[in-house]
Every structure is written in C-alpha cells, then in structure tokens.
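Structure first, then comments.
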Amino acid sequence: MINFSDSIEGFRAHVPVAREWAYLITASTGLVPDFVYDGVRRYLDERYLKGGDSTWLFDEGTTGTLAMLERSKAALAAMIGGRADRIAFGQSSTQLFTMVTDAVEYAPGSNVVAVDRGWIGNRFAWQNRADGGLEVRFVLPEGGVVSAGSVEALCDEKTAAVTVNLVESSTGCRFDLAELGRFCRERGILLYVDAVQAAGALKIDVEADGVDFLAGNDYKWMMNFCGTGYAYISERLQKRVKHWGAGWMSDTDRFDTSKAHITLREDAGRFEIGYPNAAGAYGLGLAAEQYNRLGAAEIENCVMSLAGYFRERVDATRGLSLTYALPEKNLSQIVSVDLDPSLAVTEEDFRAAKVFIPGIGVRPDGGRFMRVSFHYYNNREDIDRFFDVIGAAARR
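Heads up: the sequence shown begins at 1 in full-length UniProt numbering, then just goes up one per residue.
As structure tokens, this is what we get:
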C-alpha cells in the first residue's frame, strides 16, 4: 500500500528532512516524501534484481507502466481541473513549453504577449521566436505586479496568444488568471500558463479559467526527483501545434510493431515521442494523488496561512521589510524580504540553526534580500525558528 497521509498536519512526518530542518526553499527545490521514495526505489530494485519491465505499486496492487502513466495523468488532471486525455509528459516544463513557442504557427502580422523579467526559461523561449520574426510584446511588472489589465493593454486584434506565470518566481506575485481567461476567450486569444510555482500548492482550474496550455514540473511543489515535466493541452490548441516528431508512444496502437504507418493519437499523448521517465511520471502521479486526497482548498489555505504569518512577523521585526507591497489578491506562498544593512545575519547563522534558506542575494546597489517559500510540510514552528535566527543576529 502507498503510505499516504490523511491530514495536512500528519503529512510532515512523511518528509524526513522536514523533521529536522525548517525547510523554506521549496520555490527552488522541494522535499521528497517517503511514499515517492519508497515507490520509486521498489521499482528500481526490481529492475536491478529481477530484470524486465517491473511493475508499479498502488493500493489496489501492481500495474504495468502504460497503465501507471494513465493513472498519473488522471491524478494530475484532477489536480488542475482538467481531463486526463489532455495531459502529456515530457522531460521538463521548459521542453514542453517550446511546443507553444516553436511548434505553433501564427498568421503573418500576429503578435504574442509575454512577461518581461519573469522566469528566464519562458523569456528565452519567446526571445528565440522573436529572433525568427514573430512580434513578441513584453509586459513590464510594476512594483513586482503583472496585472491582467497590463497584459490586456498590450493586446490588439492581431494578438494570437498570451503567456503568464501563475506565480512569479522571484516576486511571489500571483496572477489573476480568471480575469485574463475571460478576456482571452472573448477575443479568441490562446492562453498559455506556466504553473511551476503554483501547481501542487495553489488551487488551479484550467477549464474554468479557459487555459489552453499549462506547464508544470516535478521537483518543487510536486515533491519529486528532477527530470519530468507535464503539460495540459486544450483540444483547440492541439489542432494548432505542428507535430515536430513522432514515435511509438505517439501512435494509437502502442507496441503494435506490425503497423506500416503511424496513426497519431487523438489525445495529448501524441506529443510523447518515446519511452518517458517512468519513475518521474509515477512520482508526479503519487504527489498529485496525495494533493487530491488532502484537498486543493485545504492545501491552499495552509500555505497561504503560513505565508501570511511570515509577513506579519516581518512587519513586526526590525531589520526586515517586505520587498513588494503586493495587493492581497496577488499574494502567494512565496515571499521576498529585504534585509537592512544593519542586520548582520549570515547564511551560516541559518545553517547552524538548521533553517534551510535559498541563500541571501545581493542587488547591484548592495542591498540584501532573500526569498522564502512555504509548502504544506511546513508549520509555524519553522517560521519561528527563522525569526529566532534574525533575533539572535539583531542582538549581536
């Protein structure tokens, strides 16, 4: 049986690192729970010790790889409010994202709208397409915020698609996807979403919000080992994607080696060229099943409550200040905080107290900052330990 948790409060016991460390860097790399580690290790042990294509363990028993992939897709689809036949696996979210930058043809004179100073993977992908002649318009954030209105202001009758990050990696700004989704639907504009910093922590409903493409990865909020991405691809977008390759996984009759010609699948599986990172897909599926079991609203309330508590303590602590005064609707489980020059706290101070932070950044003007983030394996004691370090440094 899979060792799932039946409560958010009990989940922390499933994550060994969280038992010892106040782990505040999920926005960089998340922790792996015991049921993912044990399940993947079981498969690898069987491959190593018995050979052949081993099986995957679920509560109902074991299953083969193709059945496991479909189960994982069903769990991911439920997590984001989509359909299992609209999910595809890939090597990373960035690799899958290039389907909408490089494999969709836009009419002459078309433009797309993307976010400047956002995650570099998305910007680089669109910049590469712009070098080929496509007009790409970049929205600049104001005070760390990219609003639906600022995206809409750059759109016109020639806008074919827009791309946004559901949660911005560096600022923690959460995008108002529902508003932009309505705008895009009314005008026939394709809506692409990078959900890497949101999926697994915040509630998502791709169908309600009119999302055409959503990309996610495995190693942050989805608590998996690195090397697997997944995407939601709407039916209307699938018809626009120029199929850049095909293999046995793309065919309607996988494993039918007697076929003379390929018949591309009708679902998003047509974009899966060859054998996937099966262990990664399994881990993603387990993390999604745990998420669905605990509940999207409950998990979002947990991580947002933790982030809110952290912000309250920042406001009450000398030497710290929030980097961005984000409107309430734009808050997320990621928080950027500035350190006053008078606060002589170091990364070594945090390590000595077993508080795991991503590092203290330094801006060109010499100002110091850090980004902290909260998963549902965190609790308020983690935050208190963070501020104990700050307090000790302030007293020196």
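Yeah, the Cβ is synthetic: ideal placement off N, Cα and C, and Gly gets one too.
Item	Value
Does the stretch 2-12 come close enough to the stretch 181-201 that 3 or more CB-CB pairs lie under 8 Å?	no
On the three-state DSSP scale, how would you describe Met79?	helix
Is the stretch 285-302 in contact with the stretch 200-212, if contact means three or more CB pairs nearer than 8 Å?	yes
Are there three or more Cβ pairs, one per stretch, closer than 8 Å when the stretch 38-58 is compared with the stretch 166-176?	no
With 16 as the cutoff for other CB atoms within 10 Å, does His243 come out buried or exposed?	exposed
Under three-state DSSP, which class holds Ser92?	coil
Can you give the beta carbon distance from Val139 to Phe213, rounded, assuming they're within the 8 Å contact cut?	So it is not a contact: roughly 18 Å between Cβ atoms.
Report the partner residues of Met370 according to the DSSP bridge assignment.	Val337
Helix or strand or just coil, what does DSSP make of Ile383?	helix
Looking at Arg363: is its Cβ nearer than 9 Å to the Cβ of Val335?	no
Check the DSSP bridge columns for Tyr192 and list the partner residues they point to.	Thr163 and Phe213
Quick test of your reading: residue 462 and Tyr106, contact by CB under 8 Å. State the CB separation rounded to the nearest angstrom.	Lying outside 1 to 396, the shown extent of the chain, residue 462 is not represented and no answer is given.
Quick one, which of Ala160, Asp251 and Gly149 has its alpha-carbon nearest Pro108's?	Ala160
Looking at C-beta atoms only, is the number of pairs between the stretch 253-261 and the stretch 220-232 that lie closer than 8 Å three or more?	no
Going by beta carbon distance, what residues of the same chain come within less than 8 Å of Ala125, once the five residues before and after it are set aside?	Thr94, Phe97, Thr98, Thr101 and Asp102
If you follow the beta strand (DSSP E) that Glu135 is in, where does it begin and where does it stop?	Glu135 to Val139
If distances are taken between C-alpha atoms only, which option among Gly144, Gly269 and Ser250 comes closest to His261?	Ser250
What span of residues does the beta strand (DSSP E) with Trp56 cover, start to end?	Trp56 to Phe58
With a cut-off of 9 Å, does the C-beta of Gly285 fall near any C-beta of chain D?	Among the chains in the structure shown there is no chain D, since it carries only a single protein chain.
I'd like to confirm the pairing. Which residues does DSSP put opposite Ala393 in its beta bridges?	According to DSSP, Ala393 bridges with nothing at all.
According to DSSP, is Glu275 helix, strand or coil?	Before going on, a small fix: residue 275 reads as Tyr here, not Glu. Here Tyr275 sits in coil by DSSP.
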